[in-house]
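Below: the structure, in structure tokens.
In full-length UniProt numbering, the protein residues as written are 1 to 647.
Structure below.
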């Protein structure tokens, strides 16, 4: 009998009416004298094993059986079998498989709500839809609407959730919050904000959970003004006094919006802080490249007696990578190793690899990678990118070979780094091989970045016709695509072709950026096209709305200097919003050297050494100016200064 009942409890279709009656009879026996049954519910090793077994007859009862009578769950609660009723609530099998004839006892909808919550927890959309069908048949949609909206929202069916919410006559804060949370999780922040506004328009007040979800949405889209509005509201309502989750959401919002002083001020004012609070702030500083502040926060957190977790370490390692603080990074590595955190945390291992790679300690990064129990494409990509960043293209290619020997296939990120490596060492044959793989895998259809990397590789290897062919065949092109090709032609001295590409780019309706203009102005400088250079520079703001950067000004100074227009070059330098770039002074100094202008050259030299006293080129150029003018004593004096400050 027990074997038969065990099967009955886990199947979806009744064997017979007799089996049904027998199963219900056993439940009645259980409730008459529970002491006669062994309770296996907390110790069973499989969902198919019995929850209760009779001490003498060995009959079995299964809590999630499709044959459970409708009254069982309520009776379990009434008798105090809380853990068992909870287990039944978590089961999706019973609620989804029961025929309508057996569910009629649940006319208040409670059983459906319990089962829908189970579907929500397990992300079981298939069973949730079956439950919805039964709810529709019984006319219980209004009673189950909150649970239905939540189930669809958390299972990712946002349009269905929204449709049900719109049909629901008695929407409440729980229903709205479920939909808002789902939109926020999916990155659809504007829709989350729209729901929030509509909810309030209907007179429904948000609760702390709603505010937390909306702050997450604000963080994603950088809506700091809206986030500040929420902050003011929750502060007035006193919600920050006893809700650390809400406080953490505010810190995270400010940090992700780049408003780090506000995030810092808030964390200091909160009545209580935890590791999540500090992680949000430390992560914010690390993302903004403010590594020193991140490390300071790390120290404050530990001083408060709050122990770092894996997320903290990931953020701190990123901060160390940003500022090249390898000593602190190694200290963190030791802490992580002592705590055994590297065993099963690839994200932490990758952060360590990234820190060593960005600090230039590539041998340590490779040694760490070899020691990892598990390696994946992300960990290899980190090391490969490190070698590329350090200009070690050959080592990057060697890593690709090692990775593939381990049976790990490269992805688009791998190919991006490898193409840069090929460009660095002008390994065009390897680049062509990668091109063939990418084309074979169909990756160019979805990745403009990968297409641009191919154009860059061919251009830097001098294969400009091939670069242009790749660009023309790309399914989509952007300003980076064209700027890369224009720069390639400019570097190879093919100025006319660069200018022709600029025309083609404009004909496609693609607007240039500052990088495009740097290449074009370099072309004009080398070809002596002063008037065209002037026209292009003027068009940046007036026609294209592009603010010239320091490289653009440097190119213009070089152009004017080569043409002997030193006065206009000086005027341009004085018009610059910032004069802290030494390249602009070098361009002016070089023009003075060519034209033999000692006075202007001396002024440009003084500006250059104010920016960086130990930088050698300004001394060399000024010495050449003095030497050409026959002022040997001054030339020797300048050389002595160079030796002194570079020592």
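Every residue, glycine too, gets a C-beta built ideally from N, C-alpha and C.
Cross-strand partners of residue i (DSSP beta bridge)
{"i": "residue 38", "result": "53"}
{"i": "residue 61", "result": "52"}
Residue i, buried or exposed, once every other Cβ within 10 Å from all chains shown has been counted against 16
{"i": "residue 299", "result": "exposed"}
{"i": "residue 484", "result": "buried"}
{"i": "residue 51", "result": "buried"}
{"i": "residue 100", "result": "Reliability of the predicted coordinates at residue 100 is poor, the pLDDT of 39 falling under 50, and the value obtained from them is presented with this limitation in mind. Residue 100 should be labelled exposed."}
{"i": "residue 305", "result": "exposed"}
{"i": "residue 434", "result": "buried"}
{"i": "residue 230", "result": "buried"}
{"i": "residue 590", "result": "buried"}
{"i": "residue 150", "result": "buried"}
{"i": "residue 54", "result": "buried"}
{"i": "residue 327", "result": "exposed"}
{"i": "residue 3", "result": "Annotation note: pLDDT 39 at residue 3 (below 50); position unreliable, no value reported."}
{"i": "residue 547", "result": "exposed"}
{"i": "residue 469", "result": "exposed"}
{"i": "residue 541", "result": "exposed"}
Nearest-angstrom Cα separation, counted from residue j out to residue i
{"i": "residue 26", "j": "residue 132", "result": "30 Å"}
{"i": "residue 234", "j": "residue 177", "result": "16 Å"}
{"i": "residue 89", "j": "residue 265", "result": "Because residue 89 carries a pLDDT of 41, less than 50, the predicted location of this residue cannot be relied on, and the following value inherits that uncertainty. Going by the C-alpha atoms only, they are around 44 Å apart."}
{"i": "residue 284", "j": "residue 370", "result": "31 Å"}
{"i": "residue 588", "j": "residue 459", "result": "30 Å"}
{"i": "residue 212", "j": "residue 186", "result": "15 Å"}
{"i": "residue 465", "j": "residue 642", "result": "45 Å"}
{"i": "residue 635", "j": "residue 623", "result": "4 Å"}
{"i": "residue 256", "j": "residue 240", "result": "20 Å"}
{"i": "residue 134", "j": "residue 56", "result": "39 Å"}
{"i": "residue 512", "j": "residue 477", "result": "12 Å"}
{"i": "residue 650", "j": "residue 203", "result": "Any question about residue 650 goes unanswered here, given that the chain covers just 1 to 647."}
{"i": "residue 646", "j": "residue 350", "result": "38 Å"}
{"i": "residue 615", "j": "residue 184", "result": "50 Å"}
{"i": "residue 462", "j": "residue 491", "result": "9 Å"}
{"i": "residue 553", "j": "residue 572", "result": "7 Å"}
{"i": "residue 577", "j": "residue 610", "result": "17 Å"}
{"i": "residue 594", "j": "residue 625", "result": "8 Å"}
{"i": "residue 439", "j": "residue 390", "result": "28 Å"}
{"i": "residue 606", "j": "residue 437", "result": "54 Å"}
{"i": "residue 138", "j": "residue 249", "result": "41 Å"}
{"i": "residue 385", "j": "residue 396", "result": "7 Å"}
{"i": "residue 157", "j": "residue 525", "result": "58 Å"}
{"i": "residue 404", "j": "residue 613", "result": "48 Å"}
Residue from the options whose Cα sits closest to the Cα of residue i
{"i": "residue 366", "options": "304, 377, 355, 383", "result": "383"}
{"i": "residue 344", "options": "372, 331, 143", "result": "372"}
{"i": "residue 497", "options": "508, 482, 509", "result": "482"}
{"i": "residue 331", "options": "352, 147, 311", "result": "352"}
{"i": "residue 243", "options": "217, 254, 272", "result": "272"}
{"i": "residue 543", "options": "432, 510, 524, 168", "result": "510"}
{"i": "residue 136", "options": "148, 126, 452", "result": "148"}
{"i": "residue 502", "options": "516, 491, 188", "result": "516"}
{"i": "residue 316", "options": "339, 21, 337, 348", "result": "348"}
{"i": "residue 117", "options": "29, 144, 404", "result": "144"}
{"i": "residue 427", "options": "124, 394, 406, 442", "result": "394"}
{"i": "residue 354", "options": "405, 313, 341, 600", "result": "313"}
{"i": "residue 472", "options": "438, 443, 495, 508", "result": "508"}
{"i": "residue 447", "options": "474, 424, 430, 457", "result": "474"}
{"i": "residue 648", "options": "545, 530, 152, 583", "result": "Coverage of the chain is limited to positions 1 through 647, which leaves residue 648 absent and any answer about it impossible."}
{"i": "residue 567", "options": "486, 583, 599", "result": "599"}
Contact set for residue i: own chain, Cβ-Cβ below 7 Å, skip 5 residues either direction
{"i": "residue 297", "result": "278, 281, 282, 285"}
{"i": "residue 165", "result": "149, 171, 175, 179"}
{"i": "residue 569", "result": "557, 560, 561, 588, 591"}
{"i": "residue 479", "result": "510, 511, 512, 513, 516"}
Spatial neighbours of residue i in its chain, beta-carbon cut-off 6 Å, leaving aside the 5 residues before and after
{"i": "residue 302", "result": "none"}
{"i": "residue 224", "result": "257, 259"}
{"i": "residue 247", "result": "240, 270"}
Residues near residue i by beta carbon distance below 8 Å, same chain, minus five either side
{"i": "residue 416", "result": "449, 450, 453"}
{"i": "residue 329", "result": "317, 320, 321, 352, 355, 356, 359"}
Distance cut-off 7 Å: residue i Cβ against heavy atoms of the ligand SAM
{"i": "residue 60", "result": "This structure lacks the ligand SAM; in fact it carries no ligand of any kind."}
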